[in-house]
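Inspection log for the structure reproduced underneath, given as structure tokens.
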Amino acid sequence: MTTAEILKRVRRIEIKTRGLSNHIFSGEYHSAFKGRGMSFSEVREYSHGDDVRAIDWNVTARFSSPFIKVFEEERELTVMLLIDISSSSLFGTDTQLKRDLITEIAAVLSFSATTNNDKVGVIFFSDKVDKYIPPKKGKSHVLRIIRELITIEPGNKNNTNIGECLRFFNNASKKRTIAFLLSDFISTPYEDPLKLSARRHDLVGIQVYDKGDRTLPDVGLVHVQDSETKHVQWLDTSDKMVRKRYETAFDEHQKYSINAFRKSGSSLMSVRTDENYVKALQGFFVNR
């Protein structure tokens, strides 16, 4: 892809997703996430009706009178996008590739954050962390993120390791952060680092998948290659048991992800490549 083609595609994505952010998602984003980050403001005397859990026992003991800690909403939040760029994201059977949908959703979230004057950063990962862009503000920074989304390629290995990404995120982000993890979640196990991330941050998983990830079409004998492991084999798609095993494998990954997010206390939503992600995101934000 030439530089001119990249810039043209960036501009096209900007026009579509920035419009969605300004006219649709800015209110929902603000309602869903503003006020979730709180910072210490002051200590004042306890008044009837105050939450006893906010009592500052050190100050109370010093003055022999109850005092409470007062917190205020942090006006500036940080958003981190954890984006799966492994080879499986380059799969799609209908309207678009999973990577294309991930790019649009990431752009919408970035512009929504920018509209609210929040910082945005990105961690691109496959079997390892391929690139880290520290959080910053501003339109030019978001456009850089979109350019990277369009052009970045994974390293030598193409497997997916969500756990490695989450471990890097936990080390890099000391302050409480709003994090969106965008992946098809076909990965090695990641339950433990997910629990740690969910304790420290406001974490949301967005599963982007294609109908072909679950359903194998009946087209006879085909020569197939796994996009990540590069394993090649012949597959008889006319065999009902072969199609059933394929479906079961996807369902098992799905069940693992749902249980992992539920146990961690974080949120998970799913969007298919041939579905309207606008409605899905709107519904998710409203429900928060």
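The sequence shown begins at 1 in full-length UniProt numbering and counts up by one. Here a beta-carbon is modelled for each residue, glycine too, at the ideal position from N, C-alpha and C. For clarity, every value in this text was computed on a predicted model and none was experimentally measured.
Asked                                                                                                                                                                : Found
DSSP three-state call for Ser225: helix, strand or coil?                                                                                                             : According to the sequence as given, residue 225 is Gln; it is not Ser. Three-state result, Gln225: strand.
Which residue comes first and which comes last in the alpha helix (DSSP H) that contains Tyr256?                                                                     : Lys240 to Ser264
If we ignore side chains and look at the alpha-carbon of each, how far apart do Arg272 and Ser183 end up?                                                            : 12 Å
Go ahead and label Pro134 buried or exposed: buried means 16 or more other beta carbons lie within 10 angstroms of its beta carbon, across all protein chains shown. : exposed
Considering Ile102, what are the terminal residues of the alpha helix (DSSP H) in which it resides?                                                                  : Lys98 to Thr115
Is it buried or exposed for Leu101, if we count other Cβ within 10 angstroms and need 16 for buried?                                                                 : buried
Within a Cβ cutoff of 6 Å, which residues of the same chain sit near Val59, ignoring the five residues on either side of it in sequence?                             : Val43 and Phe67
Just the C-alpha distance for Phe237 and Arg99, rounded to the nearest angstrom, thanks.                                                                             : Checking the displayed sequence, the identity of residue 237 turns out to be Thr instead of Phe. Their Cα atoms are separated by approximately 26 Å.
Would you check if the segment 158–165 and the segment 108–120 touch, i.e. whether three or more CB-CB distances between them fall below 8 Å?                        : no
Spatial neighbours of Ile6 within its chain, please: CB distance less than 8 Å, with the 5 preceding and 5 following residues excluded, ordered by chain position.   : Arg147, Ile150 and Thr151
Which full runs of the beta strand (DSSP E) of 3+ residues lie inside the segment 117–153, going along the chain?                                                    : 119–125 and 129–136
Tell me the DSSP secondary structure of Thr273 in three-state form.                                                                                                  : coil
Terminal residues of the continuous beta strand (DSSP E) containing Asp84?                                                                                           : Thr78 to Asp84
Whole-angstrom Cβ separation of Leu194 and Leu235, contact assumed at under 8 Å?                                                                                     : Leu194 to Leu235, Cβ: 32 Å. No contact.
Measuring alpha carbon to alpha carbon, tell me which residue in Asn287, Asn276 and Val286 is nearest Ile105.                                                        : Asn276
In the DSSP assignment, what are the bridge partners of Gly205?                                                                                                      : Leu181 and Leu268
Using the C-alpha atoms, what's the distance from Ala61 back to Gln254?                                                                                              : 52 Å
Rounded to the nearest angstrom, what separates Arg245 and Glu252 at their Cα positions?                                                                             : 10 Å
Helix or strand or just coil, what does DSSP make of Val219?                                                                                                         : coil
Could you tell me whether the segment 259–271 touches the segment 279–288, where touching means 3 or more Cβ pairs closer than 8 Å?                                  : yes
Answer yes or no: do Val210 and Phe111 have a C-beta to C-beta separation smaller than 8 Å?                                                                          : The question names Val, but residue 210 is Asp in the sequence shown. No. Outside cutoff.
For Asn170, tell me which candidate among Tyr132, Glu153, Ser47 and Arg144 has the shortest Cα-Cα distance.                                                          : Tyr132
From this set, Leu221, Phe63, Val108 and Asp213, which residue's C-alpha is nearest Leu20's C-alpha?                                                                 : Val108
Could you tell me if Phe125 is buried or exposed, where buried requires 16 or more neighbouring beta carbons within 10 angstroms of its beta carbon?                 : buried
Please classify Ala198: is it buried, with 16 or more other beta-carbons within 10 angstroms of its beta-carbon, or exposed?                                         : buried
Skipping 5 residues on each side, what residues in its chain have a beta carbon closer than 6 Å to that of Phe185?                                                   : Gln207 and Ser257
Can you give me the C-alpha to C-alpha distance between Glu76 and Met241, rounded to a whole angstrom?                                                               : 53 Å
Within 10 Å of its beta-carbon, does Ile13 have 16 or more other beta-carbons around it, so buried, or fewer, so exposed?                                            : buried
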